[in-house]
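Okay, so here's the structure we're looking at.
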Amino acid sequence: MFSGPRAPLVRIAVLALLWGSGFLWIKLALDGGFAPLHLTIIRCALGAAVLLVLARSAGQRMPRDRGVWGHLVVAALLCNALPFFLFGLGEQTVDSGVAGVLNATTPLWSLAIGLMLRTERRLGPLRLAGLLLGFAGTLLIFAPWQQTGLASRGALALLAAAVSYAVAFAYMARHLVARDSAPLALSAAQLLTATGLTTLALPAAPGGGFSPTPTGIVAVGVLGTLGTGVTFHLNSRLIADEGPTAAATVGYLLPVVSVALGALVLGEDIGPRVVVGMAVVLAGVGLSRGGEGRREPAARTLSRPRPGPAASAPPSGRRS
Numbered sequence: 001m002f003s004g005p006r007a008p009l010v011r012i013a014v015l016a017l018l019w020g021s022g023f024l025w026i027k028l029a030l031d032g033g034f035a036p037l038h039l040t041i042i043r044c045a046l047g048a049a050v051l052l053v054l055a056r057s058a059g060q061r062m063p064r065d066r067g068v069w070g071h072l073v074v075a076a077l078l079c080n081a082l083p084f085f086l087f088g089l090g091e092q093t094v095d096s097g098v099a100g101v102l103n104a105t106t107p108l109w110s111l112a113i114g115l116m117l118r119t120e121r122r123l124g125p126l127r128l129a130g131l132l133l134g135f136a137g138t139l140l141i142f143a144p145w146q147q148t149g150l151a152s153r154g155a156l157a158l159l160a161a162a163v164s165y166a167v168a169f170a171y172m173a174r175h176l177v178a179r180d181s182a183p184l185a186l187s188a189a190q191l192l193t194a195t196g197l198t199t200l201a202l203p204a205a206p207g208g209g210f211s212p213t214p215t216g217i218v219a220v221g222v223l224g225t226l227g228t229g230v231t232f233h234l235n236s237r238l239i240a241d242e243g244p245t246a247a248a249t250v251g252y253l254l255p256v257v258s259v260a261l262g263a264l265v266l267g268e269d270i271g272p273r274v275v276v277g278m279a280v281v282l283a284g285v286g287l288s289r290g291g292e293g294r295r296e297p298a299a300r301t302l303s304r305p306r307p308g309p310a311a312s313a314p315p316s317g318r319r320s
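Residue 1 is where the sequence shown starts when you use UniProt numbering, and the numbers rise one by one after that.
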């Protein structure tokens, strides 16, 4: 699959499209009658089902160590259950394109957390400039000085999802990256755990009718199977075959895809200020990741389940 000299570019394009479209599917599912919590549960369950099939096909077994399962509970909460729910909550009031842009701030939060925990030791002038530039772009997108800015509960939820990803990646890098467990089975176990955690929250969900439309059902199905399950497998293969630098390239394309699909499919108009803010954020992310791809061994890096939805992550991670 995807063989030939242009195969890496094709893989990157397909992965960016699948991951970047996750924000569109979330918006369509919400408009199609799904509540954020129901959307999260079904997405995690479908993604886990896909990964279980892939793991079984590869002859990989679920982890049996209780310690691993304990770490998976934390990882599932921070990298799947919580951010997936926050994306659904945020996109109730924020455009899907903007959601993709805010998701792209994950590497900036990862760097900031690394500095606070003193696990990040190589902060040169370029990376510091990237960190400051990225957060300046985020501030430009939010425009708190304007009444028309995005500093709303929904936008804050989206930003919190990016922070949750960053915290999860730091945790998984310390407790799960070096594990000998098979990556597909480990990720399937993580999404199964996330499914259980979100299901436990159902009694606290607001009451009301649940009548999804056909469009909403299709959107959730695509989001769970392709946008969550299949993308993990594709990203894992991309890292194994081409290295983490190629996989990191996908992170820069996600907001571009989300904005383009939001405009083309949903008719979203994000305005020039947000477009400029997006460009500043991506420039900041690019500078903040300077040299990172050369230091990270490909054999020990996999990806997150992603809407996607966005930033490279340790094994069994996911974005968006």
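All C-beta atoms in this analysis are idealised placements derived from N, C-alpha and C, irrespective of residue type, glycine included.
* When the Cα atoms are used, what is the spatial distance from ALA29 to GLY286? -> Mapped onto the sequence shown, residue 29 falls at position 29. Mapped onto the sequence shown, residue 286 falls at position 286. One C-alpha to the other measures close to 32 Å.
* Is the CB-CB distance between PRO107 and SER288 below 8 Å? -> The sequence position of residue 107 within the sequence shown is 107, counting from 1. The sequence position of residue 288 within the sequence shown is 288, counting from 1. Contact: yes.
* **Three-way DSSP call (helix, strand, coil) for VAL94 in this model** => Residue 94 sits at position 94 when you count from the first residue of the sequence shown. Coil.
* List the whole-angstrom C-beta distance separating residue 340 from TRP19, where the pair is believed to meet the contact cut-off of C-beta under 8 Å. => One cannot answer for residue 340 here, as it falls past the ends of the chain, which runs 1 to 320.
* Asked: If you draw a straight line from the C-alpha of GLY33 to the C-alpha of PHE210, how long is it?
  -> The residue labelled residue 33 in the question sits at position 33 within the sequence shown. The residue labelled residue 210 in the question sits at position 210 within the sequence shown. Using only the alpha carbons, I get a separation of about 7 Å.
* To do: Using 10 angstroms around the beta-carbon of ASP95, count the other beta-carbons present and answer buried if the total reaches 16, otherwise exposed.
  => Within the sequence shown, the letter at position 95 stands for residue 95. Flag for ASP95 reads buried.
* Any idea what DSSP makes of ILE270, helix, strand or coil? -> Residue mapping note: residue 270 aligns to position 270 of the sequence shown, counting from 1. ILE270: coil per DSSP, three-state reduction.
* In angstroms with no decimal places, state the Cα-to-Cα distance between ALA298 and THR213. => Within the sequence shown, numbered from 1, the residue matching residue 298 stands at position 298. Within the sequence shown, numbered from 1, the residue matching residue 213 stands at position 213. Low local confidence applies: a pLDDT of 38 at ALA298 is under 50, so the model's placement there is unreliable, and no value is given.
* To do: For ASP31, name the three-state secondary structure that DSSP assigns.
  => Position 31 of the sequence shown, counted from the first residue, corresponds to residue 31. Three-state result, ASP31: helix.
* **Which of helix, strand or coil DSSP assigns to GLN190** => Mapped onto the sequence shown, residue 190 falls at position 190. Looking at GLN190 - three-state DSSP - the assignment turns out to be helix.
* Asked: Can you give the Cα-Cα distance for HIS38 and LEU132, rounded to whole angstroms?
  -> Here residue 38 refers to the residue found at position 38 of the sequence shown. Here residue 132 refers to the residue found at position 132 of the sequence shown. Distance between the alpha carbons of HIS38 and LEU132: 37 Å.
* Whole alpha helix (DSSP H) runs in the UniProt domain "EamA" (13-142) with 4 or more residues, listed along the chain? -> 22-31, 36-57, 66-76, 82-90, 96-103, 106-117 and 125-142
* DSSP state of LEU226, grouped into three classes? -> In the sequence shown, counting from the first residue as 1, residue 226 sits at position 226. Correct three-state label for LEU226: helix.
* **Endpoints, alpha helix (DSSP H) assigned at SER164** => Counted from its first residue, the sequence shown places residue 164 at position 164. Looking at the DSSP string, the run of the alpha helix (DSSP H) that includes SER164 is 153-175.
* To do: Ignore the nearest five residues each way along the sequence and tell me which others in LEU226's own chain have a CB closer than 7 Å to its CB.
  => Your numbering for residue 226 matches position 226 in the sequence shown. Sequence-distant Cβ neighbours of LEU226 in its own chain, meaning closer than 7 Å and more than five residues away, are LEU18.
* To do: With a 10 Å radius around its C-beta and 16 neighbouring C-beta atoms as the bar for buried, classify THR119 as buried or exposed.
  => As a first step, residue 119 is located in the sequence shown; it is residue number 119 there, counting from the start. THR119 should be labelled exposed.
* Should PRO206 go down as buried or exposed, given a rule of 16 or more other Cβ atoms within 10 Å for buried? -> Mapped onto the sequence shown, residue 206 falls at position 206. Classification of PRO206: exposed, given that the 10 Å Cβ count is below 16.
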